[in-house]
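*Asks:* Residue 2 is where the sequence shown starts when you use the working numbering, and the numbers rise one by one after that.
Where a beta carbon is used, it is the ideal one built from N, C-alpha and C, also for glycine.
All of these numbers come straight from a predicted model, not from anything done at the bench.
Please see the structure below; I have some questions.
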Amino acid sequence: MILDLKYIIWLWSKYVKRRHIPYMELEFHYPNYLFITLGCLVVAIFFVIAITYFSIK
Numbered sequence: 002m003i004l005d006l007k008y009i010i011w012l013w014s015k016y017v018k019r020r021h022i023p024y025m026e027l028e029f030h031y032p033n034y035l036f037i038t039l040g041c042l043v044v045a046i047f048f049v050i051a052i053t054y055f056s057i058k
């Protein structure tokens, strides 16, 4: 991945929640299939929007 998901969660907690958690102490317990499913869903939504945009003239 371009950005590690653990890094994104660390940035979220540091700047949005304003709670500093050291990066090395951040526990990450999400299964891989969750991210594969989420990625497929985002790509599918992107393709539906692109196909809809280019088919309407």
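1) Using only the alpha-carbon positions, how far apart do Trp13 and Phe36 sit?
2) With a CB to CB cut of under 7 Å and the five nearest residues on each side skipped, what residues in its chain are close to Tyr16?
3) In the DSSP assignment, find the unbroken alpha helix (DSSP H) run with Ile52 in it and report its ends.
4) Suppose you measure from the CA of Ile9 to the CA of His21; what does that come to, to the nearest Å?
*Replies:* With the given structure in hand:
1) As a position in the sequence shown, residue 13 is number 12, starting the count at 1. As a position in the sequence shown, residue 36 is number 35, starting the count at 1. Between Trp13 and Phe36, the C-alpha separation is close to 18 Å.
2) Position 15 of the sequence shown, counted from the start, is the residue given in the question as residue 16. Closer than 7 Å at the Cβ level, and outside the excluded window around Tyr16, lies no residue.
3) Start at 1 with the first residue of the sequence shown, and residue 52 comes out as number 51. Segment Asn33 to Ser56, the alpha helix (DSSP H) holding Ile52.
4) Sequence index remark: in the sequence shown, residue 9 carries index 8 (1-based). Sequence index remark: in the sequence shown, residue 21 carries index 20 (1-based). Distance between the alpha carbons of Ile9 and His21 is about 13 Å.
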